[in-house]
Amino acid sequence: MKFDEKVLNLINYLKGKKICLVSHVHPDGDAAGSVIGFYLFLKNMKYPVRAFLKDGVPYQYAFLYGAEFIERNLDVSKSDVCVLLDASEFSRTGFDMPDLPIIRIDHHKTGERYSDYDIVVTDAPATVSLILSLVKVWDESHIDERVARALYTGLLTDTVSFIHANSFPWAFSDALYLSQKAQIDDIGSLVYERKRKSFYLLLMRALERLTFDFNDKLAYTFIKNEDFAETGATSEDTDGIVRHVISIDGVEVGINFIEYEKGVWKVSARGKGRIDLALLCLEFGGGGHRNAAGCTIEGSLEKVIKDFKRAFEKWVGSL
Ligand SMILES: [Mn+2]
């Protein structure tokens, strides 16, 4: 089925329904932007809609109008259908799977199919781009300034300020469209130039621990569970640390191992295109995109790094 047909089908299916929106834990700008943007659009349409993020809206995105309506405890008692945004699997939401039809709107490469109405487009720059395609067809007159600002925030962050390959040319046409709907020139500064002190305290530790391997093709660092308490940082402060690791010239894969829970390490992987990190992370039950992926590995830090390096070694030949 063609993309336009899929969009129309989904709109027809959602029409008249009570809709619940969810996205993943540790939400990034695309998760928060797509949930908030779609929520506000449906509200403008007078739909009964509720939106849930287990970890709430991180402080970087709390400036968005609509952030205050996002709930943290999933309650689907008044919903007919649950739309899963920007997540490859429902389990990524941190909520128990409700007894409702699930529809996935996403651009991650790996993951589950939940219904015939799913819209999964792996070359979309961001999930907000898929939401924008949908709301333009549904009723463009309800894309107001607030909706546009939320969607633009997802677009800006998932393309890392339009430097990622997923920017061309789709993201630029979305950005042009959204800039005509809303004032967006303050959003970059609101997202990127308001880091907390705790972010830098955590970053200092991470940079000090930077380790190189495989002739400097792999660089990694780690955040231990106790680092959070010692620096006053939260999971929101880990966002962006791995960018520093992958920004080093010559490094092909950059990793941040983060111990959110004692003995459970979230592997945040970034690449430059020569290794498919979604497939590499799939070996540990994770997934994502070619150049940005993640997975979880349990055990001591030494074991986790060893396990990851063993998997990495199989791919290093392609470098
Ligand atoms: Mn995304």
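In terms of our numbering, the sequence shown opens at residue 1248 and continues consecutively. C-beta atoms are modelled at their ideal positions from N, C-alpha and C, and glycine is treated no differently. Keep in mind the model is a prediction, meaning the values are calculated, not measured.
Inter-residue Cα distance where the pair is residue i and residue j
{"i": "H1479", "j": "Y1308", "result": "Note that residue 1479 is Gly in the sequence shown, not His. Near 20 Å, if we compare the C-alpha coordinates of Y1308 and G1479."}
{"i": "L1362", "j": "I1349", "result": "Sequence inspection shows Ser at residue 1362; the Leu mentioned does not correspond to that position. So the two alpha carbons sit approximately 7 Å from each other."}
{"i": "A1422", "j": "L1402", "result": "8 Å"}
{"i": "Y1260", "j": "L1287", "result": "19 Å"}
{"i": "R1452", "j": "T1357", "result": "32 Å"}
{"i": "F1285", "j": "S1515", "result": "27 Å"}
{"i": "V1511", "j": "S1388", "result": "46 Å"}
{"i": "E1477", "j": "I1488", "result": "17 Å"}
{"i": "R1393", "j": "K1519", "result": "34 Å"}
{"i": "F1316", "j": "L1566", "result": "46 Å"}
{"i": "G1532", "j": "S1335", "result": "11 Å"}
{"i": "I1429", "j": "I1390", "result": "It should be noted that the sequence gives Ala, not Ile, for residue 1429. Cα-Cα distance, rounded: 10 Å."}
{"i": "V1328", "j": "P1345", "result": "10 Å"}
{"i": "Q1427", "j": "D1433", "result": "14 Å"}
{"i": "L1450", "j": "F1555", "result": "22 Å"}
Residues bridged to residue i [DSSP beta-bridge criterion]
{"i": "V1269", "result": "F1299 and L1331"}
{"i": "V1500", "result": "L1465 and G1518"}
{"i": "I1283", "result": "Per DSSP, none; premise fails for I1283."}
{"i": "V1394", "result": "DSSP output for V1394 lists no bridge partner at all."}
{"i": "R1351", "result": "L1331"}
{"i": "I1505", "result": "I1470 and K1513"}
{"i": "I1366", "result": "I1352"}
Integer-rounded CB distance, given that residue j should sit under 8 Å from residue i
{"i": "L1321", "j": "F1299", "result": "5 Å"}
{"i": "V1498", "j": "D1460", "result": "Not quite, the Cβ-Cβ distance comes to about 10 Å (not below 8 Å), so this is no contact."}
{"i": "L1448", "j": "V1492", "result": "17 Å between Cβ atoms; not a contact."}
{"i": "F1559", "j": "L1527", "result": "7 Å"}
{"i": "G1535", "j": "H1355", "result": "6 Å"}
{"i": "K1253", "j": "I1431", "result": "That pair is no contact at about 28 Å."}
{"i": "D1333", "j": "A1278", "result": "5 Å"}
{"i": "N1256", "j": "Y1364", "result": "6 Å"}
{"i": "D1353", "j": "T1340", "result": "Not quite, the Cβ-Cβ distance comes to about 12 Å (not below 8 Å), so this is no contact."}
{"i": "D1496", "j": "T1404", "result": "So it is not a contact: roughly 23 Å between Cβ atoms."}
{"i": "L1465", "j": "V1438", "result": "In fact, because the Cβ distance is near 29 Å, the residues do not count as touching under 8 Å."}
Residue from the options with nearest C-alpha to residue i
{"i": "L1377", "options": "R1360, L1398 and D1391", "result": "L1398"}
{"i": "D1523", "options": "G1564, I1434, A1429 and R1351", "result": "G1564"}
{"i": "V1382", "options": "L1450, S1281, E1508 and V1269", "result": "S1281"}
{"i": "A1371", "options": "F1419, K1442, W1562 and A1429", "result": "F1419"}
{"i": "D1484", "options": "E1508, D1327, R1443 and G1303", "result": "R1443"}
{"i": "E1508", "options": "L1529, N1472, D1496 and R1521", "result": "N1472"}
{"i": "V1330", "options": "V1438, I1258 and V1551", "result": "I1258"}
{"i": "T1400", "options": "H1271, F1555, E1359 and Y1312", "result": "Y1312"}
{"i": "V1296", "options": "V1269, K1265 and N1538", "result": "K1265"}
Alpha helix (DSSP H) segment containing residue i, residue limits
{"i": "N1256", "result": "F1250 to L1261"}
{"i": "T1374", "result": "T1374 to D1386"}
{"i": "R1557", "result": "L1548 to V1563"}
{"i": "F1446", "result": "K1444 to E1455"}
{"i": "I1410", "result": "No alpha helix (DSSP H) contains I1410, which DSSP labels as neither H nor E."}
{"i": "G1435", "result": "I1434 to Y1439"}
{"i": "V1492", "result": "I1488 to I1493"}
{"i": "T1566", "result": "The residue asked about is misnamed: residue 1566 is Leu in this sequence, not Thr. Unbroken run through L1566: none, as it is neither H nor E."}
{"i": "A1525", "result": "L1524 to L1529"}
N-terminal and C-terminal residue of the beta strand (DSSP E) that residue i is part of
{"i": "D1421", "result": "Here D1421 belongs to no beta strand (DSSP E); instead the alpha helix (DSSP H) covers W1417 to K1428."}
{"i": "T1543", "result": "A1539 to E1545"}
{"i": "F1459", "result": "T1458 to D1460"}
Test: residue i CB closer than 7 Å to a CB of chain D
{"i": "S1408", "result": "The chain inventory of the structure shown lacks chain D, comprising one protein chain alone."}
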